[in-house]
Amino acid sequence: MKKFRVLACTLLVTGFGLTSCSSDDDTSGVNNETQIEGTYNLTAVTTAEATDFDGDGTSHSDQMQETDCYNGSKLVLNADNTFTFEKNGVVVDTTEGTSGCTSATYTGTWEILTGSGSDVIIRATYQDNNDDDVILNLVKTGNEITYTNDFGTYPDRDEDTGGAILTFGAVEYLYVK
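Sequence positions in the sequence shown follow mature numbering (1 follows the signal peptide of the UniProt record, and there is no 0) and run -22 to -1, 1 to 155.
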């Protein structure tokens, strides 16, 4: 009877050992809302005032509805706290009243300033084309990251000439994972 108890206990312990968690378990159930790393695509560029930059007679506060120049913009946050910022936008020659699309790619580092889970504030730092440090304070809520530039500029049209101009005001960028 003693041998039976020892054998039963051994089988029970072995059974628990075979069903324990390991590092190769399936992670397909990872909650993207709490995982920071990943690719976030720009889906909206919301400005303080609506504009009719494309001249179709309809004004929008989401500048992505006024021009395709922002398409393809994204933030890629890596697990090693580095990131890539593909920044597309509109360049305006206010002297000539003309505009075109511009594109740049930057790399830098990111860190969590505060928060946890699906709600965090992230500081992302990179160097621009002038080797100046640029700091972005990003707000992550669920699968979305927003960046607000309270002193930004956005494309608009001169009411008299119809030429391209820059308007000063708050601009909010929305990235979705």
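The beta carbon of each residue, even a glycine, is placed where N, CA and C say it ideally should be.
Collapsed DSSP secondary structure at residue i in the structure displayed
i             : result
glutamine 105 : strand
Inter-residue spacing [alpha-carbon to alpha-carbon] between residue i and residue j
i             : j              : result
valine -10    : asparagine 56  : Because the pLDDT of valine -10 is 41, which lies under 50, any placement of that residue in the model is unreliable, and the number read from its coordinates should be weighed accordingly. Those two C-alpha atoms are separated by around 40 Å.
glycine 130   : asparagine 115 : 14 Å
aspartate 34  : threonine 92   : 43 Å
leucine 144   : tyrosine 132   : 5 Å
leucine 152   : alanine 102    : 15 Å
glutamine 105 : threonine 62   : 11 Å
arginine 135  : glutamine 41   : 13 Å
valine 68     : glutamine 13   : 31 Å
threonine 5   : asparagine 108 : In this prediction, threonine 5 scores a pLDDT of 40, lower than 50, which makes its location untrustworthy; the coordinate-derived value is nonetheless stated afterwards. One C-alpha to the other measures close to 42 Å.
First through last residue of the beta strand (DSSP E) which encompasses residue i
i              : result
isoleucine 143 : 142 to 154
tyrosine 84    : 76 to 94
serine 39      : 38 to 40
tyrosine 48    : That residue, tyrosine 48, is in no beta strand (DSSP E); it is neither H nor E in DSSP.
threonine 73   : Here threonine 73 belongs to no beta strand (DSSP E), and DSSP marks it neither H nor E.
glutamate 27   : 16 to 29
Beta-carbon proximity of residue i to residue j, cut-off 9 Å
i             : j                : result
asparagine 66 : threonine 80     : yes
serine 37     : alanine 28       : yes
glutamate 15  : phenylalanine 31 : no
asparagine 59 : threonine 17     : no
glutamate 150 : threonine 24     : yes
glutamate 122 : valine 154       : yes
cysteine 47   : glycine 78       : yes
glycine 141   : glutamate 74     : yes
asparagine 19 : serine 39        : no
Contact with chain D by residue i, beta-carbon distance below 9 Å
i            : result
glutamate 64 : Looking at the structure shown, chain D is missing, and only one protein chain is on hand.
At what residue ranges does the segment 96 to 140 contain a whole run of the alpha helix (DSSP H), taking only runs of 4 or more?
With a minimum length of 4 residues, no continuous alpha helix (DSSP H) run stays inside the segment 96 to 140.
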